[in-house]
Structure formats: C-alpha cells, structure tokens
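Student: Protein chains in written order, with our numbering: chain L, 19 to 404; chain B, 19 to 404.
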C-alpha cells in the first residue's frame, strides 16, 4: 500500500425531505442572513428544487446568480465574484450539478484573492488560492462528485483554455443530496451520470496492484452497484432505492476514498477532454469512447487488475483482458451509451492525428500510471475508437 | 436507503516514515509550540514510537501525561485536565491505542467545560460538551477506530460506571497511522484488533436489508480483507502489505462510513461489555463469545444478511444461517480467538442469570435493530455462549 493523505471535511446530508435542514447548516457557518445562491441554466426552476430551497430559506436574504454554463466560464464567474464583493456576501449556496459547484468553488476562492485569479489557474509563480468564502451545495445531478471534493475545472473560451484548481479551502462545508432530483432528469443525463461515476472509479482502479485490498474492494463495490442499478434507474428514476444508490455511488467515486494508497491513471479523461473540445460530445460519452481502446492498447500494463475486475465484478471465472474490455463496452451499451466516435460525428477522420499533435505541442512527458503512454499510443487509442 | 448524515473532518496521514510531518500538521492547528503528549502504560517507550515522535517534535515543548488505563478512568483523566489548564495547553497529541485516544477526547472536552464534567457523561439536563482543545493522534494499535471518530468510552470505577461521550467537537484534527507499530504488538493484541474491526463491521451489517448496496459491499470488503489477511498478519506482523491493510480496515470499520443509510445493532457489544465487567476478559474476545449465540438466537431477524454474508464473503453457494455462523466462529478460531465463555473462566455458571438481571434493573426497553431483543433472549444468548 502506498503512503496516503485522506482528508474530507464536507458534511453530507442525504435522503428525503432534507432541505428543511438548510438553515441549521448555514447557521453553523455564518451569522449573516444574506447569502448568494448560484445556479446554472435554470432547470432548478422547472424541477421544483428552487421552490423547495427558497421555502426552506425563509428569513434569509437570497441574492441570485444564474447562468453558470455546463463548462463554467471564467468571464461568467468573474461577474459573480464582483457580485459577492459588492453585496458583501459571506456564504454561497450552489444549487446545481458539477458545473455549478465547480464554478462556485472558483467564485468563493477568487473573491478572497487579491491579485488576478486567472494567474492562479495558470499556476503563475506566487499565485495561489489559500482561502475561500464558505459555501455549501444542493446537488441536482449525480455524476461528477464535485459535491464532496475540493477540485474544479474552469474554462476560458476566449483563450481556448480549460484549467483546474482546488485545495483544502475549496471543500463544500456541506452538501445536500436528495435522490428525488433524479426523477426529472432526462434519461440521457442519468446515463451520463452513471458513466461518469463508473469511469471515475475505473481511473483509480485499472492500474497496477498496490495491495490496498480494501480500497480495491470498495472500487469493485461501486462498479458492481452501478452495474446492478444502471439500466433500472434509467427506466425507474422515481425508485428511491435505485436513485439513492446511484447518487451515493457517484459521490463516493470521487471523494478521495478510492485513491487512498493506490496509483491512478487519468489518461482516459485527458484524451477524452479533447473530444469534447473538438466535437462538443458530452464528457461522460467521450470517456466511454476512449476507455475501451485505451485498455486494449495498455492491457499489458493493466493485466492483473483487468483480470481481477473480470472475476470479481463481471463474474468471469477465467477471463482474458479482451473479455473484460468487452464486458465494460457491453455495460455502456446496456445504458445506451455508444462507444464509437463515429456514433457521434461523421467527421471523425483525422481526429487521431489532431489529438496526437495537441499532446505533442504541450511537450507531453508522462501519462498513465507508469508514465509510459506515448503520443503514438494516444494516436492508436483514438484511431481504434473511431 | 435510510436518510443519513456523514461528517468526518479527521485528516489521515498513512504509511511509512510519516512522523516527520507532525510539526506541519500541528502548525496548521495552533501557533503555540507547547503541547501535551498523552500516553498509556508506557509501551511507546519500548517500541520506539516515543523516540520517533519526540525526534519529529524538535523545537516543541512537550509536556507529558502518561498512565491512561486500558479502560480510561475519570479520576486519572481529570488530573490531565488540571495539567492542561495549569500549563495553558492549546494542543494535545495522543500517542497510543483506542483507550489513550478515548481518554484524550475526554481531556480536551472537559478542559473547555465550565461545570462538572461527570454531569456531562451522566447526561444531566443542560450539561453538554460543545467545544474542545484541538488534538491529534499517533495510533499505536489498530482496533477501535477511535483515531477517526468522535466517540469515547470513559470509566468511573469508584462509581462502577462506564459512560460514553462524543460529538463533532471531538474528532481528532489528524491521525498518523504507521503500520510499523504492529510489528511490536503481542500476537494476542493483533488478534484482538482483527476481532474488534470484524465485529464493528458485523454490528453495522448483520441486521436487515436497507438497500444501501454500496455500504453493504464496503462492509463485505472489510470482512473479506480481514479474513484474507487475519492469520497471515499475526504470523508476519512486519509485512507492510498485511499490516497496512489491517490498520486501514480497523479505521474504516468505525469512521462513520459503514453506518451511512443502514440500520445497526450494537447489542453484541452491550451484552459483551458485561463479560468484561464480570471477568475482565479482553473486550474483543467477549464479542467473539457473544456474537455467534446472538446470531443463532436472532437468526430470523438477520436471515437475509446472514445468507448474503455467506454467499459474498464466505463463498457459500446455498448457505443456511447456521452454516454462516459456523464460518464466523471458524474465522475467530483461525486467529486463535476462543469463542466460549468457559474457555476464559471456570466460574461461568450463573452468568446468564446475572447479566439478565443487570439488563432488567436498567429498565431495558429496546435492543437490536428491531428493538425486540428481550431479557429472556439475553439470558439464552449468554447461556448458549458457555
């Protein structure tokens, strides 16, 4: 087992009829009755979440900031930073999915920062966030795990940049997880959420063995649960058992538990990001496009874990690596996630060359759990995914 | 899945050569260079932990308080409370096992309390701990999980009382877990630690299904890991893989993860406590004495989970409840934990009557996950355990 740090101070309030506890949780953090509520494209006005939250917040002065994009934009968020300063806000409540929560992590950190926040995202020397205005979340879409971690991805379209930020200061103080929000999601988004959680787990599992037996079993537990409930929750999103298990799996998949003492490999994410950049394909779907090919090309590196996955999760007695990759593909297909680039765009020719070029231009040094993924292999992986 | 709150702000620093990071972690909490170091019977002076910790704490003024008992005593701990006040201590480092850590939770809470701390443990109206001096831990014995939770059990022998305390204020700020400490433990204590972690898990698992699929799988993951490593780690405590997996399982078994969204049943603990009180048998061993009989008497209540345990953890295709209980007993025997009261005392006659009487005198209302365990059943369980 590798050395590790584990730290996660976010309080989770999980279940039915929980929003009435919002005031109690906010009052633990701030004495002010004035809060900023951040949201995205406005689905919270249609699915009833806004009404329920506002009802719970009776007695609070709620300043609204909406319009945070699916890939939250620096320019948009900076308007919220101004608002926070102007209104002297001491607590922010993010009501939304991963993008709203990621965007809010930036807002609360930038609002406490003296210099140019973009310098921090560029990792300019001496530019770091060290503090943030406290914030909490009401999750409306189980997928990214942002509700219980301290990381965020921020886009800057004018500069064609996508940058990460995070740190201990950026954990939500609390997150409210009511599985009822799944009821009103389009089937497509539920499938994306399942895929996101599944792939977050695989990125921290399909590497080489580091003998953290418990963490491996927890990862296998998330994968087995997602396989058990995946198709059913898409068909029956009002089923509390199915919805609550999906919601909790998505949170647990990226709250720091799985990475304790293991090696991880986020290269599927890194390659897949380029497909979203090029073609606007949903993030989760780009992961399902890239992962099978990556596992095939790097199967020698991931052999032991692929076999273990086949045996423990897919119930195969004597699996080959290829049999396990096919099982992963079959799971994606079962939840209506297509796994070929050509399922999403006709203009796929040249994609492998383009992505290889992008990686080379960035002076790519090391990708994969052994740091041995080459630009040529990236080319092969993308080409195999057509 | 039941509604739940999950909150655990303790930072875990896990692995080899970690104590050098003690100053960094203390400095995150206090500016003072004067700390109190609490410990137990002095094993830390023999196993090298004290020397390593003191070396890491160069530049700190370390006030020592030793002699915290295996069942930490109120009178002893109150002497530490006086010392904390006299020396104006702003940070306490507990170096020890569960008893030292439990005792330290009381010390740091009582030191911030104006009234009589015993009133708090008696739950007298208006008497509550709400704050504590910050503290961290260096764990020397994997077993109780106290290093990553906010609960403690405090004894008051003159009053023949054993009382619990806890709350958000009583989480350690950090805990250092170096599996190397297992090397120097007597085999008997390693076996006790395995049993403790195993039983903490079963108490939160062997109830009735609440459809928290992931939490069930995490519990099964801890049990499977303990079965996989149990015998081996007793034989090879210097093996880092075995030692680190035991240490992490023991922490995860009682850090709040397993109880999220499920029902639990601590009645094995409650009955077993009486055996320690009557005969001074090690806590872990009393659990192994009571559990099999309790599962037999209450097998109808626990049927679904017993069968699931047999299938998923013990690999039985079509188990009966009795087959699974026998597997649990076999595991205890494999790690040299005897499971009969008569293995520990010749004077066992009358124990069932005595324990039944004790429960009746306390106006016992509800025990077990369905609140239906009767004093007569307690009698049957203890008698069956002779």
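Think of the CB as a built atom: it goes at the ideal place given N, C-alpha and C, for glycine as much as any other residue. Source: prediction; values computed, not measured.
Is any heavy atom of the ligand PLP found at a distance shorter than 7 Å from the C-beta of residue 326/B?
Tutor: This structure simply doesn't include the ligand PLP, nor any ligand for that matter.
Student: With a threshold of 8 Å between beta carbons, is residue 223/L in contact with chain B?
Tutor: Output row for residue 223/L: interface = no.
Student: Under 9 Å between beta-carbons, which chain B residues line up against residue 277/L? List them in chain order, please.
Tutor: Within 9 Å Cβ-Cβ: nothing; residue 277/L doesn't reach chain B, min ~12 Å.
Student: Measure the beta-carbon distance from residue 237/B to residue 276/B and round it to whole angstroms, keeping in mind my assumption that it falls under 8 Å.
Tutor: Correct: roughly 5 Å between the Cβ atoms.
Student: For the putative contact between residue 214/L and residue 162/L, defined by C-beta atoms under 8 Å, what is the C-beta separation to the nearest angstrom?
Tutor: About 6 Å separates the two Cβ atoms, so the contact holds.
Student: Assuming residue 22/L and residue 278/L form a contact by the criterion Cβ under 8 Å, report the distance between their Cβ atoms to the nearest whole angstrom.
Tutor: With 8 Å as the limit, residue 22/L and residue 278/L qualify as a contact, their Cβ atoms being about 5 Å apart.
Student: Tell me, to the nearest whole angstrom, how far the beta carbon of residue 101/L is from that of residue 124/L; I am working on the premise that it is less than 8 Å.
Tutor: Not a contact, Cβ separation roughly 13 Å.
Student: Quick one, which of 140/L, 287/L, 317/L has its alpha-carbon nearest residue 337/L's?
Tutor: Of 140/L, 287/L, 317/L, the residue nearest in Cα terms is 317/L.
Student: Can you pull the chain L neighbours of residue 22/B, defined as C-beta to C-beta under 7 Å?
Tutor: Ordered by position in chain L, the residues that pass the 7 Å Cβ test against residue 22/B are 32, 33.
Student: Please name the residue, chosen from 88/L, 312/L, 379/L, 401/L, that lies closest to residue 298/L on a Cα-to-Cα basis.
Tutor: Comparing Cα positions, the closest option is 88/L.
Student: Should residue 83/L be labelled buried (16 or more other beta-carbon atoms within 10 Å of its own) or exposed?
Tutor: Label assigned to residue 83/L: buried.
Student: What runs of the alpha helix (DSSP H), each 4 residues or longer, lie entirely inside the region 292-380 of chain L?
Tutor: If we require 4 residues or more, the alpha helix (DSSP H) runs fully inside the region 292-380 of chain L come out as 301-315, 321-330, 339-352, 369-379.
Student: Which residues in the same chain as residue 282/L place their Cβ atom closer than 7 Å to its Cβ, once the five residues preceding and following it in sequence are excluded?
Tutor: Excluding sequence neighbours, residue 282/L sits near 221, 222, 225, 387.
Student: So if I threshold CB-CB distances at 8 Å, which residues from the region 254-267 of chain B count as touching chain L?
Tutor: Answer set for the region 254-267 of chain B: 258, 259, 262, 263, 266, 267.
Student: Look up residue 179/B in the DSSP assignment and say whether it is helix, strand or coil.
Tutor: In the structure shown, residue 179/B sits in a strand (DSSP, three-state: E or B).
Student: Could you pull out every residue in the same chain whose Cβ sits closer than 8 Å to the Cβ of residue 126/L, ignoring the five residues on either side in sequence?
Tutor: Result list for residue 126/L: 102, 110, 150, 151, 152, 153, 188, in chain order.
Student: In chain order, what residues of the region 304-315 of chain L put their CB closer than 8 Å to some CB of chain B?
Tutor: Cβ contacts with chain B: none found.
Student: Report the residue from 259/B, 323/B, 170/B whose alpha carbon sits nearest the alpha carbon of residue 340/B.
Tutor: Here the closest residue by C-alpha is 323/B.
Student: List the DSSP bridge partners of residue 112/B.
Tutor: Answer is 56/B, 155/B, bridged to residue 112/B.
Student: Between which two residues does the alpha helix (DSSP H) holding residue 391/L run?
Tutor: Run containing residue 391/L: none; DSSP gives neither H nor E here.
Student: Given this structure, state the Cα-to-Cα distance separating residue 45/L from residue 78/L, to the nearest angstrom.
Tutor: If you take the alpha carbons of residue 45/L and residue 78/L, they lie about 11 Å apart.
Student: Comparing C-alpha positions only, which one of 62/L, 107/L, 206/L, 394/L sits nearest to residue 85/L?
Tutor: That would be 62/L, whose Cα lies nearest to the Cα of residue 85/L.
Student: Restricting to runs no shorter than 4 residues, where is the alpha helix (DSSP H) found entirely within the region 70-149 of chain B?
Tutor: Qualifying alpha helix (DSSP H) stretches, in chain order: 92-104, 116-128, 135-139.
Student: Assuming the contact rule is C-beta atoms closer than 8 Å, residue 165/L and residue 269/L should be a hit. Round their C-beta distance to whole Å, please.
Tutor: Sure, about 6 Å apart at Cβ, within 8 Å.
Student: Answer with yes or no whether the minimum CB distance from residue 216/B to chain L is below 8 Å.
Tutor: Answer no: the Cβ-Cβ gap between residue 216/B and chain L never drops below 8 Å.
Student: If we count Cβ pairs, one from each stretch, closer than 8 Å, do we get three or more for the region 199-211 of chain B versus the region 250-261 of chain B?
Tutor: The region 199-211 of chain B, when compared against the region 250-261 of chain B, does touch it at the 8 Å Cβ threshold.
Student: For residue 249/B and residue 345/B, I'd like the C-alpha separation in whole angstroms.
Tutor: Taking the straight line from one Cα to the other gives about 15 Å.
Student: Buried or exposed: residue 186/B, going by 16 or more other Cβ atoms within 10 Å of its Cβ?
Tutor: Residue 186/B is exposed by the Cβ-count criterion.
Student: Note down the Cα distance separating residue 29/L from residue 301/L, rounded to an integer number of angstroms.
Tutor: Answer to the nearest angstrom: the Cα atoms are 27 Å apart.
Student: How about residue 160/B: is its C-beta nearer than 8 Å to some C-beta of chain L?
Tutor: Residue 160/B does not count as touching chain L.
Student: Any beta carbon from chain L within less than 8 Å of residue 93/B's own beta carbon?
Tutor: So, not an interface residue.
Student: Hey, is residue 246/B's beta-carbon within less than 8 Å of any beta-carbon in chain L?
Tutor: Yes, residue 246/B counts as interfacial toward chain L.
Student: Thinking C-alpha only, which one of 36/L, 314/L, 331/L is nearest residue 239/B?
Tutor: When each option's Cα is compared against that of residue 239/B, the closest is 331/L.
Student: Measuring straight from C-alpha to C-alpha, what distance separates residue 310/B and residue 294/B?
Tutor: Residue 310/B and residue 294/B: Cα-Cα distance of roughly 17 Å.
Student: Please report how far the alpha carbon of residue 42/B lies from the alpha carbon of residue 51/B, in whole angstroms.
Tutor: About 12 Å.
Student: Can you give the beta carbon distance from residue 119/B to residue 155/B, rounded, assuming they're within the 8 Å contact cut?
Tutor: The Cβ separation is near 5 Å, so the contact holds.
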